[in-house]
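Here's the structure we're looking at; comments come further down.
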Amino acid sequence: IPPCFSHFSGRYVLEALFDYLIEIEGTYNTTWSDPTFWAEFESHYGYVHHPSMLYFAEGLTKYANGAPVWLRREVL
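Each number in the numbering used here corresponds to the 1-based position in the sequence shown with 106 added.
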């Protein structure tokens, strides 16, 4: 994170939080280049990027005075 403001970027952090921001930045940079992290991250691809069924919630639709309510299940 650049330490000074430019046209539309930079940072303003309270002094009490500055050390934590530096720690987060270091962890982010380390993790971003860690192939083990990316292997674990990509192992979850089987659970995402698939269609989810929508269910018409008849009871909630009645409760909402006829406004159609649809629910999407988010289960693994």
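Virtual Cβ for every residue (Gly too), placed ideally from N, Cα, C.
As the structure is a computational prediction, the values presented were derived from the model and not from experiment.
Residues of its chain near residue i, where Cβ-Cβ distance is below 6 Å and the 5 sequence neighbours each way are ignored
{"i": "residue 119", "result": "127"}
{"i": "residue 166", "result": "175"}
{"i": "residue 143", "result": "137"}
For residue j and residue i, believed in contact at Cβ under 8 Å, the rounded distance
{"i": "residue 138", "j": "residue 160", "result": "In fact, because the Cβ distance is near 35 Å, the residues do not count as touching under 8 Å."}
Limits of the alpha helix (DSSP H) - the one that residue i falls within
{"i": "residue 126", "result": "121 to 138"}
{"i": "residue 141", "result": "141 to 149"}
Identity of the residue in the options nearest residue i by Cα
{"i": "residue 236", "options": "179, 149, 146, 151", "result": "Residue 236 cannot be examined here, being either before or after the span of the chain that is shown, 107 to 182."}
Helix, strand or coil at residue i according to DSSP, with G and I counted as helix
{"i": "residue 161", "result": "strand"}
{"i": "residue 169", "result": "helix"}
{"i": "residue 118", "result": "coil"}
Run of the beta strand (DSSP E) containing residue i, from where it starts to where it stops
{"i": "residue 178", "result": "176 to 178"}
Proximal residues to residue i (C-beta, below 8 Å), its chain only, five neighbours per side dropped
{"i": "residue 158", "result": "178, 179, 180"}
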